[in-house]
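First the structure, in the form of structure tokens, and then the observations on it.
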Amino acid sequence: MTDQIATSAPLVEDTAPPILDTPRIYVACLAAYNNGRLHGRWIEATDPHDVWEQVREMLAASPEPDADEWAIHDFDNFYGCNISEYAAFDAVCDLSAFLKEHGELGAKLYNELSEDLGQARAAFDDYAGEYRSAAEFAEQLHEDTGTEIPESLRYYIDWQALARDMALNGEIMVFQTGFDEVHVFWSH
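See the structure below:
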């Protein structure tokens, strides 16, 4: 009997693609698609020039001759924001950069503001902060303004109702992004 240590290959090779958080789009060749074939490429939406270059390469490798038309057939990591089938790559990459910076909160703001990226960017100038609740924001606002309330009356104030009224009156926008996590923006 010999003392040999057998080394074995791993049972399963790790071939799973890496998990990406960068927004990306799937651009399909329409010539192939219209002829019953799937031909396209997932492309990270970071730089419009890189996206165009990868689309050109994908079209050049198409199984259909003279392929020159494309469409965005899918997208990933855009936090629920919609991407048009024929969206300009500049606009897609701008939205991608905004979402990389602001995440789910940016997406909620973008969608709330009718998918206007300029307004969503400007809204962050009026960001009031993150709070456990809108009521906490209203109470903190009161404390920050220095108005004195007698201790005997303090517990009669409905901070939640005050915050709700501020939102209904258009003074603030409130976005909940998690349990005990709301973000407040001033509406101007």
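So that you can map any letter, position 89 of the sequence shown is 117 in the numbering used here, and since no number is skipped, the others follow by simple counting.
By construction, the Cβ of each residue, glycine as well, lies at the ideal position given by its N, Cα and C atoms.
On a predicted model such as this, the values are computed, not experimentally measured, just so you know.
* Asked: Since residue 95 contacts residue 87 with CB under 8 Å, what's their CB separation in whole angstroms?
  -> 5 Å
* For the segment 54-67 and the segment 120-138, state whether three or more C-beta atom pairs, one from each stretch, are separated by less than 8 Å. => no
* To do: Buried or exposed for residue 77, please, with buried defined as at least 16 other CB atoms from any protein chain shown within 10 angstroms of its CB.
  => exposed
* For residue 132, which of helix, strand or coil comes out of DSSP? -> helix
* Over the uninterrupted alpha helix (DSSP H) stretch that includes residue 170, give me the two end residues. => 162-173
* **Euclidean distance between Cα positions of residue 106 and residue 201** => 21 Å
* **Rounded straight-line distance, which links the Cα of residue 141 to that of residue 212** => 14 Å
* Taking Cβ positions, are residue 91 and residue 65 nearer each other than 7 Å? -> yes
* Please report the Cβ distance between residue 159 and residue 165, rounded to the nearest whole angstrom; I am assuming they are in contact, meaning their Cβ atoms lie under 8 Å. => 4 Å
* Asked: In whole angstroms, what separates the C-alpha of residue 71 from that of residue 79?
  -> 7 Å
* Under three-state DSSP, which class holds residue 103? -> strand
* What are the boundary residues of the beta strand (DSSP E) that residue 209 is part of? -> 209-214
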